[in-house]
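Peer 1:
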Amino acid sequence: MSKIMMWFRKALLAAVVAAFGLSALPTASVFALGLNDTTVPPAPASISNERLEMIWVREQAIYARLGRLFDRSDEMIVNAQKLIDQAKSNGKDVSAVQSALDALAAAIKQAKPVYDGGQSVITSHSGFDSAGKVTDATQAKATVKSVGDTLKQIRQIVEGPRKALREAVKAFRDANKPVGTPAPDPRGG
Numbered sequence: 181m182s183k184i185m186m187w188f189r190k191a192l193l194a195a196v197v198a199a200f201g202l203s204a205l206p207t208a209s210v211f212a213l214g215l216n217d218t219t220v221p222p223a224p225a226s227i228s229n230e231r232l233e234m235i236w237v238r239e240q241a242i243y244a245r246l247g248r249l250f251d252r253s254d255e256m257i258v259n260a261q262k263l264i265d266q267a268k269s270n271g272k273d274v275s276a277v278q279s280a281l282d283a284l285a286a287a288i289k290q291a292k293p294v295y296d297g298g299q300s301v302i303t304s305h306s307g308f309d310s311a312g313k314v315t316d317a318t319q320a321k322a323t324v325k326s327v328g329d330t331l332k333q334i335r336q337i338v339e340g341p342r343k344a345l346r347e348a349v350k351a352f353r354d355a356n357k358p359v360g361t362p363a364p365d366p367r368g369g
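Counting from 1, position 143 in the sequence shown corresponds to residue 323 in the numbering used here; the numbering is continuous, with no gaps.
(1) To which residues of the same chain is I264 closer than 8 Å at the C-beta, ignoring the five residues directly before and after it?
(2) For the alpha helix (DSSP H) that P222 lies in, which residues bound it at each end?
(3) Among the residues of its own chain, which have a CB less than 6 Å from the CB of I288, if the five just before and after it don't count?
(4) Could you pull the DSSP bridge partners for V314 from this structure?
(5) Report the option in K357, F352, L345 whose CA atom is closest to the CA atom of M256.
(6) Distance check for V349 and I334, CA to CA, integer angstroms please.
(7) Is V338 closer than 7 Å to A286 when the C-beta atoms are compared?
(8) Run the CB neighbour count on G340, radius 10 Å, all protein chains shown included, and call it buried at 16 or more, exposed below.
(9) Take the Cβ of F188 as the centre, count every other Cβ of all protein chains shown within 10 Å, and call the residue buried at 16 or more, exposed below.
(10) The alpha helix (DSSP H) with K272 in it runs from where to where?
(11) For my contact list, V324 and L232 are in at a C-beta cut-off of 8 Å; report their separation, rounded to the angstrom.
(12) Which class does S279 belong to by DSSP, given the choice of helix, strand or coil?
(13) Helix, strand or coil: which one does DSSP assign to S182?
(14) Using beta-carbon positions only, say whether R342 and L249 come within less than 7 Å of one another.
Encoded structure:
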């Protein structure tokens, strides 16, 4: 009887393995649509006025924040330069950080005219009234696209040097970690 039970167990195990294996296979076939299909894909949905207004508010906020950053950029670069000079006077190698800061300063100077050019689009706000409500959807779309393109262009100019400066500062900090004093023993000994 034990031979029959062992044979039955093996058969049951094989059936379970086969069932799991077959369950991974698809149960229905998928066929591609024929060449005779004449359906036209739906037209892209137009952006609602509410969505345009939300985008406009967001873009104005980003533009205002960028303006504040451009206004403070000279001060921030001077402060960073002071820190670099201080580290250099302490005998630290600051060449990578210095070149990254110089590249960022040049990128900011290159991006500032792009920002100023986009300011006229923000000021004219074609397609929007003074409260930010859509008055002409076509003009509003063009305005939103123009401001978005300007923001994208500014980001493309500044993003690489900004990341390079961040990485250079990180590498500088890693290379010049302060040697700390050992913490006092909390047991008093």
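Beta carbons are placed, not taken as given, at the ideal position from N, Cα and C, and that holds for glycine.
Peer 2: The short version:
(1) As a working mapping, residue 264 is identified with position 84 in the sequence shown. Excluding residues within five positions, the ones whose Cβ falls inside 8 Å are V274, V277, Q278, L281.
(2) Within the sequence shown, residue 222 is the residue found at index 42, counting from 1. Counted as a single uninterrupted DSSP element, the stretch harbouring P222 is not any alpha helix (DSSP H), since DSSP gives it neither H nor E.
(3) As a first step, residue 288 is located in the sequence shown; it is residue number 108 there, counting from the start. Residues S253 of the same chain have their beta carbon placed closer than 6 Å to that of I288, with the five preceding and five following residues left out of the count.
(4) Translated into the one-based positions of the sequence shown, residue 314 becomes position 134. According to DSSP, V314 bridges with F308.
(5) To locate residue 256, count along the sequence shown from 1; it is residue 76. Of all alpha-carbon atoms in K357, F352, L345, the one lying nearest the alpha-carbon of M256 is that of L345.
(6) As a position in the sequence shown, residue 334 is number 154, starting the count at 1. As a position in the sequence shown, residue 349 is number 169, starting the count at 1. For I334 and V349, the gap between their C-alpha atoms comes out near 23 Å.
(7) Counting from 1 along the sequence shown, the entry for residue 286 is found at position 106. Counting from 1 along the sequence shown, the entry for residue 338 is found at position 158. Not in contact: A286 and V338 (Cβ atoms no closer than 7 Å).
(8) Taking the sequence shown and counting its residues from 1, the one referred to as residue 340 is at position 160. Classification of G340: exposed, given that the 10 Å Cβ count is below 16.
(9) On the sequence shown, position 8 is the one that residue 188 refers to. By the 16-neighbour rule on beta-carbons within 10 angstroms, F188 is exposed.
(10) Indexing the sequence shown from 1 puts residue 272 at position 92. Where K272 is concerned, there is no enclosing alpha helix (DSSP H), because DSSP gives it neither an H nor an E.
(11) As a first step, residue 324 is located in the sequence shown; it is residue number 144 there, counting from the start. As a first step, residue 232 is located in the sequence shown; it is residue number 52 there, counting from the start. Contact between V324 and L232 holds, since their C-beta atoms are separated by about 6 Å, short of 8 Å.
(12) Walking along the sequence shown from the start, residue 279 turns up at place 99. It is helical.
(13) The residue labelled residue 182 in the question sits at position 2 within the sequence shown. Correct three-state label for S182: helix.
(14) In the sequence shown, the residue the question calls residue 342 occupies position 162. In the sequence shown, the residue the question calls residue 249 occupies position 69. Result no, Cβ atoms of R342 and L249 do not sit closer than 7 Å.
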